[in-house]
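Residue numbers (full-length UniProt numbering): 1 to 317.
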Amino acid sequence: MRAIVIMEPGGPEVLDWQEVPDPEPGRGDVVIDVAASAVNRADLLQRQGHYPPPKGASEIPGLECSGTVIEVGADVEGFRPGDQVCALLAGGGYAERVAVPWQQVMPVPAGVSPVEAAGLPEVACTVWSNVFMTARLRKGETLLVHGGASGIGTMAIQLAKAYGSRVIATAGSAEKVRRCLELGADEALNYREEDFSVKKADVILDIIGAAYLKKNLDALAVGGRLVVIGMQGGRVGELDLGKLLAKRASISAAGLRARPVDEKGAICRGVVQDVWPLISAGAIKPVIHATVPMRDAAEAHRLLESGDHIGKILLVR
Numbered sequence: 001m002r003a004i005v006i007m008e009p010g011g012p013e014v015l016d017w018q019e020v021p022d023p024e025p026g027r028g029d030v031v032i033d034v035a036a037s038a039v040n041r042a043d044l045l046q047r048q049g050h051y052p053p054p055k056g057a058s059e060i061p062g063l064e065c066s067g068t069v070i071e072v073g074a075d076v077e078g079f080r081p082g083d084q085v086c087a088l089l090a091g092g093g094y095a096e097r098v099a100v101p102w103q104q105v106m107p108v109p110a111g112v113s114p115v116e117a118a119g120l121p122e123v124a125c126t127v128w129s130n131v132f133m134t135a136r137l138r139k140g141e142t143l144l145v146h147g148g149a150s151g152i153g154t155m156a157i158q159l160a161k162a163y164g165s166r167v168i169a170t171a172g173s174a175e176k177v178r179r180c181l182e183l184g185a186d187e188a189l190n191y192r193e194e195d196f197s198v199k200k201a202d203v204i205l206d207i208i209g210a211a212y213l214k215k216n217l218d219a220l221a222v223g224g225r226l227v228v229i230g231m232q233g234g235r236v237g238e239l240d241l242g243k244l245l246a247k248r249a250s251i252s253a254a255g256l257r258a259r260p261v262d263e264k265g266a267i268c269r270g271v272v273q274d275v276w277p278l279i280s281a282g283a284i285k286p287v288i289h290a291t292v293p294m295r296d297a298a299e300a301h302r303l304l305e306s307g308d309h310i311g312k313i314l315l316v317r
């Protein structure tokens with residue numbers, strides 16, 4: 001098969017479309033003929049040499065895909081050749097075929113095209129696991145989501161609104177603020193011009209990290225829950241424990257990629273049960289900024305790095 005290979009750590013130019021060995025599936029794996037994958041910030045970090053795949057995972061980048069099942073292992077449950085699926089991966093998505101544990105495979109939601117579905121697994125699983133499973137966002141509570149126009153942000157806004165929560169989003173331009181409001185955010189702030197720390201939120205979904213730690217703590221309501229899922233603004237910050245105690249607040253941090261298969265499987269089952277019906281009903285729509293041929297993954301990386309996108313950037317076969 002052909003796949004994108006990282007020739008050496010560096011810029012987008014190190015991504016090369018070349019022939020590689022076919023994946024070797026295990027007894028519990030599903031082999032997918034890939035229709036599309038999607039670009040995530042973790043892929044940029046891996047390309048730069050800062051985020052290697054977990055032990056045993058494919059060196060090929062790509063944390064999600066969609067396509068058609070072409071082979072199933074002896075221990076696979078619920079899938080058979082010909083099924084249209086999407087999957088949460090530990091790596092390997094930028095390829096013509098990928099092997100993935102069956103627990104991380106999900107049916108394509110009704111009403112979504114096989115290509116669009118490639119942009120759903122990572123954002124749906126990230127938002128569901130962090131905002132709802134960990135932070136327990138409830139109806140009537142307020143969610144503050146940073147990077148509201150990102151792939152994760154656009155999913156968080158829509159999913160929180162579908163569950164009856166109030167949503168405040170931050171974004172870096174007037175156009176992105178407008179798009180957040182169109183997706184259902186009750187408020188959207190341009191973080192370059194407005195101070196989000198004066199708001200009050202029960203749950204904060206943060207992709208920035210250290211640079212936002214103090215302001216996030218200021219913005220937490222009593223009993224609030226801060227969930228950190230990224231470190232774009234650094235990894236080391238100072239925390240006012242007195243304020244955390246006074247607010248009876250909590251901070252958690254989590255990623256998806258290195259979790260055990262059973263944990264990922266539980267998240268995927270929750271997404272299929274509780275998120276896919278909302279997508280099929282039209283309450284949540286995939287937000288796709290651009291589709292780029294997979295062989296031109298370098299161009300897709302440049303687009304993501306520019307910060308000009310809204311929603312997901314897909315790589316199509």
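Ideal placement from N, C-alpha and C gives every residue a C-beta, glycine not left out. Computed from a predicted model, the values in this text were never measured in an experiment.
In this structure, DSSP gives A185 a state outside helix and strand, which the three-state scheme calls coil. L15 sits in a strand when the DSSP states are folded into three classes.
The residue among I157, L45, L143, M155 with its C-alpha nearest the C-alpha of R302 is L45.
A35 is not a Cβ neighbour of V131, given a cutoff of 7 Å. By DSSP's assignment, L143 forms a beta bridge with V167, V203. For T68, the uninterrupted beta strand (DSSP E) segment begins and ends at 64-72. In the three-state reduction of the DSSP assignment, K285 falls in the coil class, being assigned neither a helical nor a strand state. Residues of the same chain with a CB within less than 7 Å of the CB of A169, apart from the 5 flanking positions on each side, are V145, G148, G153, I157, C180, A185, A188 in chain order. CA-CA distance, P25 to R225, rounds to 40 Å.
Going by beta carbons, I279 and P109 fall inside the 7 Å limit. Counting C-beta pairs closer than 8 Å gives three or more between the stretch 119-127 and the stretch 57-73, which meets the contact rule. A distance below 6 Å between beta-carbons, with the five flanking residues on each side excluded, links S58 to the following residues of its chain, in chain order: G91, G92.
The C-beta distance from K312 to H289 rounds to 6 Å, short enough to meet the 8 Å contact threshold. Cβ-Cβ distances below 7 Å link V100 to D29, V30, I32, A87, L89 in the same chain, with the five nearest sequence neighbours on each side left out; the list follows chain order.
The DSSP-derived three-state label of N190 is strand. Measuring C-alpha to C-alpha distances from A211 to each of G223, V203, D202, V228 identifies V228 as the nearest. Residue state for S150 is assigned as strand, using DSSP reduced to three classes. Only buried fits R47, as 16 or more other CB atoms lie within 10 angstroms of its CB. R47: not part of any beta strand (DSSP E); member of the alpha helix (DSSP H) spanning 41-47, first to last residue. Pairing V112 with D240, the inter-Cα distance amounts to about 45 Å. In this structure, the straight-line span from the alpha carbon of E305 to that of Y163 is close to 32 Å. Every beta strand (DSSP E) of 3 residues or more that sits fully in the stretch 59-137 is shown, in chain order, as 64-72, 84-88, 97-101, 105-107.
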